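Each remark here refers to the structure printed beneath this line.
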Amino acid sequence: MPSKVILVSCGTGVVTAGTTALKIRKIAAERKWQVDVKVVEFRQLRQAAADADVIVQIAPHDNEDYGIPRLSGVPFLTGFGLEKVIAELEAILKAPEEPPQNGL
Amino acid sequence: MPRSRQSSTLQPEMLRPELVFVALQAGSRQAALSFLAERMLAAGLVTPGFPAALLEREEAFPTGLQFPEATLALPHTETRYVLQPALAAAVLAEPVEFFAMGAPEQSLPVRLILMPAVQHPDDQIRWLYRLMTLFQFPGFLPHLIQSPTPESFIAYLRASLNALPL
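Okay, structure coming up:
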């Protein structure tokens, strides 16, 4: 089964996105998720979203729809609401693949 | 020793007493951030563009974080402004207003500022991650905020990091 791709983004892609990505990888290992977790800077988000399944954002920089779900990553940093966001993320990762939109 | 193994722990030169301030007087977050950024510049750790970039980044992507026992701010900017990795820190005499990470309309009163200057994210991520897990430990933030001197602040931070399981 191919891995699902999780994008973690923030303003600089360094401090908060990096530590959040590491936290998600640890959770993924515990829960045996098949995932690839990538840190992206917000400028690269639209392009990266084309090949990803979910965005975990520390700070939304826009309200655009990139075609995949977006979750707040702040709970991974503070611990508040962490169980809830893990459950939401797991539900997205376990959802069956969407059929291609253009019927190819 | 390979570089990545070296910098995965908090090296002594990253946390120096001259970059740590307790009871700092600052009338605003901009004043506090400028003060810390200028100290980093004076120590040759960042480029001249760092202070302005730091303030701009804080306005665009606020870094206030609220924990049960304290609030803190984690201002940082792009790696291209950093010449050497370091951590500056301040405990303010009076709280100043920051806005919350991910919720920019939410105002938070902040007395503790931790300012990482990251040069190589892949290297520094390990201790940054460990630092951030400490924020959730009961008693850690209040103890850090009550540090009477920069040396005791650094010693407590370092001991707490070392006490975490690897």
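Residue numbers (this note's numbering), protein chains in the order written: chain E, 1 to 104; chain Y, 105 to 270. From the three backbone atoms N, C-alpha and C, an ideal C-beta is built for every residue, glycine too. Note that the coordinates shown come from a computational prediction; the quantities given were computed from them, not determined experimentally.
(request) Grab me the residues of Gly18/E's own chain with a C-beta within less than 6 Å of its C-beta, minus the 5 sequence neighbours each way, in chain order. (result) Mapped onto the first sequence, residue 18/E falls at position 18. Same-chain partners within the cutoff: Val39.
(message) Is there a C-beta anywhere in chain Y that falls below 8 Å from the one on Val14/E?
(response) To locate residue 14/E, count along the first sequence from 1; it is residue 14. It does; some Cβ of chain Y falls within 8 Å.
(request) Select from Thr237/Y, Thr181/Y, Thr175/Y, Leu119/Y the residue whose C-alpha is nearest the C-alpha of Leu280/Y. (result) Since the first residue of chain Y shown is 105 and the last is 270, residue 280/Y is not available in this structure.
(request) Please determine, among Ala204/Y, Ile258/Y, Thr151/Y, the residue with the shortest C-alpha to C-alpha distance to Gln188/Y. (result) Start at 1 with the first residue of the second sequence, and residue 188/Y comes out as number 84. Ranked by Cα distance from Gln188/Y, the first of Ala204/Y, Ile258/Y, Thr151/Y is Thr151/Y.
(request) Compute the distance between the beta-carbons of Pro155/Y and Ser138/Y, then report whether it is under 8 Å. (result) Walking along the second sequence from the start, residue 155/Y turns up at place 51. Walking along the second sequence from the start, residue 138/Y turns up at place 34. Contact flag set, yes.
(message) Counting beta carbon pairs with one atom in the segment 180-195 of chain Y and one in the segment 217-226 of chain Y, are three or more of them shorter than 8 Å?
(response) Under the three-pair Cβ rule at 8 Å, the segment 217-226 of chain Y counts as touching the segment 180-195 of chain Y.
(message) Suppose contacts are defined by Cβ-Cβ distances below 8 Å. Is Thr78/E in contact with Leu232/Y by that definition?
(response) Taking the first residue of the first sequence as position 1, residue 78/E is located at position 78. Taking the first residue of the second sequence as position 1, residue 232/Y is located at position 128. No, the pair does not count as a contact, with Cβ atoms beyond the cut-off.
(message) For a test of the three-state rule: what should DSSP assign to Thr151/Y, helix, strand or coil?
(response) As a working note, residue 151/Y is residue 47 in the second sequence. Residue state, collapsed to three classes: coil.
(request) Starting from Leu71/E, find everything on chain Y with Cβ-Cβ shorter than 7 Å and list it in chain order. (result) In the first sequence, the residue the question calls residue 71/E occupies position 71. Per Cβ cutoff of 7 Å: no residues; Leu71/E is ~11 Å from chain Y at best.
(request) Flag Thr253/Y as yes when its Cβ comes closer than 7 Å to any non-hydrogen atom of the ligand GTP, and as no otherwise. (result) Here there are no bound small molecules, and the ligand GTP is not part of this structure.
(message) Measuring straight from C-alpha to C-alpha, what distance separates Ala21/E and Ala130/Y?
(response) As a position in the first sequence, residue 21/E is number 21, starting the count at 1. As a position in the second sequence, residue 130/Y is number 26, starting the count at 1. Cα-Cα distance, rounded: 33 Å.
(message) If you reduce the DSSP assignment to three classes, tell me which class Met205/Y lands in.
(response) In the second sequence, residue 205/Y corresponds to position 101, counting from 1. Here Met205/Y sits in coil by DSSP.
(request) Report the option in Leu191/Y, Ala177/Y, Ala192/Y, Ala190/Y whose CA atom is closest to the CA atom of Pro199/Y. (result) The count along the second sequence starts at 1 and reaches residue 199/Y at position 95. Checked all of Leu191/Y, Ala177/Y, Ala192/Y, Ala190/Y; the closest Cα to Pro199/Y is Ala177/Y.
(request) For chain Y, find out if any of its Cβ atoms is closer than 8 Å to the Cβ of Leu93/E; answer yes or no. (result) As a working note, residue 93/E is residue 93 in the first sequence. Judged by the 8 Å Cβ criterion, Leu93/E is not in contact with chain Y.
(request) Find the residues of chain Y that neighbour Ala28/E, judging by a C-beta separation of less than 7 Å, and give them in chain order. (result) Indexing the first sequence from 1 puts residue 28/E at position 28. Near Ala28/E there are no residues of chain Y at all, since even the closest Cβ is about 15 Å away, more than 7 Å.
(request) Would you kindly work out how many angstroms separate the C-alpha atoms of Leu238/Y and Phe244/Y, rounded to a whole number? (result) Along the second sequence, one-based indexing puts residue 238/Y at 134. Along the second sequence, one-based indexing puts residue 244/Y at 140. Distance between the alpha carbons of Leu238/Y and Phe244/Y: 7 Å.
(message) Taking the alpha carbon of Leu261/Y as the reference point, which residue from Ala193/Y, Asp227/Y, Leu149/Y has its own alpha carbon closest?
(response) In the second sequence, the residue the question calls residue 261/Y occupies position 157. Cα-wise, what sits closest to Leu261/Y is Ala193/Y.
(message) Output needed in chain order: residues of the segment 206-223 of chain Y with a Cβ under 9 Å from some Cβ in chain E.
(response) Gly206, Ala207, Pro208, Pro220, Val222
(request) Pull up the DSSP beta-bridge partners for Glu140/E, would you. (result) Since the first residue of chain E shown is 1 and the last is 104, residue 140/E is not available in this structure.
(message) I want to verify the contact list: residues of chain E whose CB lies under 7 Å from the CB of Pro225/Y, in sequence order.
(response) Within the second sequence, the letter at position 121 stands for residue 225/Y. Within chain E, the residues near Pro225/Y are Val14, Gly18.
(request) Flag this pair as yes or no: are the beta carbons of Leu128/Y and Ala136/Y separated by less than 8 Å? (result) Looking up residue 128/Y in the second sequence gives position 24. Looking up residue 136/Y in the second sequence gives position 32. The answer is yes: Cβ separation under 8 Å.
(request) Anything in chain E within Cβ reach of Thr183/Y, meaning under 7 Å, just list it in chain order. (result) Position 79 of the second sequence holds residue 183/Y. Ordered by position in chain E, the residues that pass the 7 Å Cβ test against Thr183/Y are Val14.
(request) Could you have a look at Val85/E and say whether DSSP puts it in helix, strand or coil? (result) Reading the first sequence from its first residue, position 85 is the one you call residue 85/E. Of the three classes helix, strand and coil, the one that applies to Val85/E here is helix, per DSSP.
(message) Between which residues of its own chain and Ile86/E is the CB-CB distance below 7 Å, once the five residues before and five after are set aside?
(response) Along the first sequence, read from residue 1 onward, the residue named residue 86/E stands at position 86. Cβ neighbours of Ile86/E beyond the five flanking positions: Ile27.
(request) Could you check what DSSP says for Lys32/E in three-state terms: helix, strand or coil? (result) Here residue 32/E corresponds to residue number 32 of the first sequence, with the count starting at 1. Lys32/E falls in the coil class under three-state DSSP.
(message) Please return the same chain residues whose Cβ sits closer than 8 Å to the Cβ of Pro225/Y, not counting the five positions on each side in sequence.
(response) The residue you call residue 225/Y lines up with position 121 of the second sequence. Around Pro225/Y: Thr183.
(message) Counting only beta-carbon separations shorter than 8 Å, does Phe171/Y have a partner in chain E?
(response) Translated into positions along the second sequence, residue 171/Y becomes position 67. For Phe171/Y, the answer is yes, since a Cβ of chain E falls inside 8 Å of its Cβ.
(message) Taking a contact to mean a Cβ-Cβ separation below 8 Å, would you say Phe203/Y touches Pro179/Y in this structure?
(response) For the purposes of this step, residue 203/Y is taken as the residue at position 99 of the second sequence. For the purposes of this step, residue 179/Y is taken as the residue at position 75 of the second sequence. Not in contact: Phe203/Y and Pro179/Y (Cβ atoms no closer than 8 Å).
(message) Quick check: Met205/Y and Val74/E, are their CB atoms within less than 8 Å of each other?
(response) Here residue 205/Y refers to the residue found at position 101 of the second sequence. Here residue 74/E refers to the residue found at position 74 of the first sequence. Yes, the Cβ-Cβ distance between Met205/Y and Val74/E is below 8 Å.
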